[in-house]
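Taking it in order: structure first as structure tokens, then the write-up.
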Amino acid sequence: AGAPGPIVTGGGVVFLTGGGDALYAFDSRSGEELWSHDLGQTGYANPMTYRAGDGRQYVVIATGRGAGTRL
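Residues 2 to 72 (the numbering used here) are what the sequence shown spells out, left to right.
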């Protein structure tokens, strides 16, 4: 078992968990942390993005294990 991998958007934002309880966003050029969000459970999966019909881009990640797993 290893740590989940990051994703990088076309706009240069890196999203990753590192297998911890938070999702982080970093600027790929400067390495600056842009924000973090407490997931409430460990993020074992790779983050994913999708673009909604309104043109906004969203990041999702599965957390936890078993019956208590959230998306």
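A virtual CB, placed ideally from N, CA and C, is assigned to each residue, including glycine. Please read all numbers here as calculations on a predicted model, not as lab measurements.
- prompt: Who pairs with Arg52 in a beta bridge, going by DSSP?
  reply: For Arg52, the beta-bridge partners assigned by DSSP are Gln58.
task: Sort Asp55, Arg57, Gly41 and Gly11 by Cα distance to Thr18 and report the nearest one.
output: Gly41
Residues bridged to Tyr45 (per DSSP): None, per the DSSP bridge assignment.
query: Between Ala23 and Val14, is the Cβ-Cβ spacing less than 8 Å?
result: no
query: What's the C-alpha gap between Ser37 and Ala53?
result: 22 Å
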